[in-house]
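I have placed the structure first, in the form of structure tokens, so that the comments after it can refer back to it.
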Amino acid sequence: MGNEIRNAHKEEIAVIMDLIARCVQVMQDGGSDQWDALYPNKEIISLDIERGTLFVCEDNNALAGIIVLDENQAEEYKSIQWVHNEGPHLIMHRLAVDPQVQGKGIARRLIVFAEDYAAHNGYRSIRLDTYNKNARALGLYSRLGYDRRGEVNFPGRTASFPVFEKILNIVDGQ
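Each residue of the sequence shown is one higher than the last, beginning at -8 in the working numbering.
So this is what it looks like as structure tokens:
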């Protein structure tokens, strides 16, 4: 107990928003405008919790990280040459680790959890995008076997977002 990954509860919204605010501050201090006061906001996070798609990672009984797992692909993903076009595909969004506990492998644990979740729920691949200025995330995804498939641009954003895909080996009948 105390080091688990589980669905977020609506009672945790304030704690989750505090974690996001700390991440935004660190991003902005480092020159990244990936997240801001508008994204991800309380409405988005509340919907993620309602839909059961927001997962939290606890470390020593404190909320240490979050990840959203669903099938919602950005419209911009249609321009990407994916290796695996047969669905379904699991999409990773809003991966965040509290800056106070970064470097402890929490992001990796959340990604491994996503892969296990995908494999057990019949997904053929995992897709995601990340900010092109987020060197730590770019390196982590590459080390964990995610292949870069191209880049997308989102409205209102000057920087591009590299898009990754990881093909999962699904055992038939699973």
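From the three backbone atoms N, C-alpha and C, an ideal C-beta is built for every residue, glycine too.
With 16 other Cβ atoms within 10 Å as the buried cut-off, status of residue i
i     : result
P31   : buried
G164  : Bear in mind that a pLDDT of 44 at G164, under 50, signals an unreliable position, so the model cannot answer this.
V154  : buried
M(-8) : A caution first: M(-8) carries a pLDDT of 45, below 50, which makes its placement in the model too unreliable to give a value.
Q25   : buried
L29   : exposed
L10   : buried
V103  : exposed
A98   : buried
A55   : buried
T149  : exposed
Residues that residue i bridges to, as DSSP identifies them
i     : result
S116  : H80, I158
L45   : V59
A87   : I57
V143  : F152
R(-3) : V47
Which of helix, strand or coil DSSP assigns to residue i
i    : result
V92  : helix
I35  : helix
D107 : helix
D138 : strand
D69  : It should be noted that the sequence gives Lys, not Asp, for residue 69. Note: K69 maps to helix in three-state DSSP.
V74  : coil
A12  : helix
S23  : coil
Cβ separation of residue i and residue j, assumed to be a contact under 8 Å, to the nearest whole Å
i    : j     : result
K157 : G136  : 6 Å
A87  : I57   : 5 Å
P79  : E62   : 6 Å
N125 : S23   : 7 Å
E77  : R115  : 6 Å
V15  : D27   : 6 Å
I36  : I(-4) : Not a contact, Cβ separation roughly 17 Å.
Selection from the options that minimises the alpha carbon distance to residue i
i    : options              : result
L81  : V154, Y108, I97, G96 : Y108
H84  : F46, T149, D20       : F46
L101 : L60, Q91, N52, S151  : L60
D120 : A98, Y132, E3, M8    : Y132
E34  : L10, G94, I4, A126   : I4
R139 : G113, Y68, P79       : Y68
E41  : W73, L129, H0, D9    : H0
L159 : I71, S23, H111       : H111
D89  : R13, L38, I(-4), E2  : R13
Q93  : G147, R127, L38, D39 : R127
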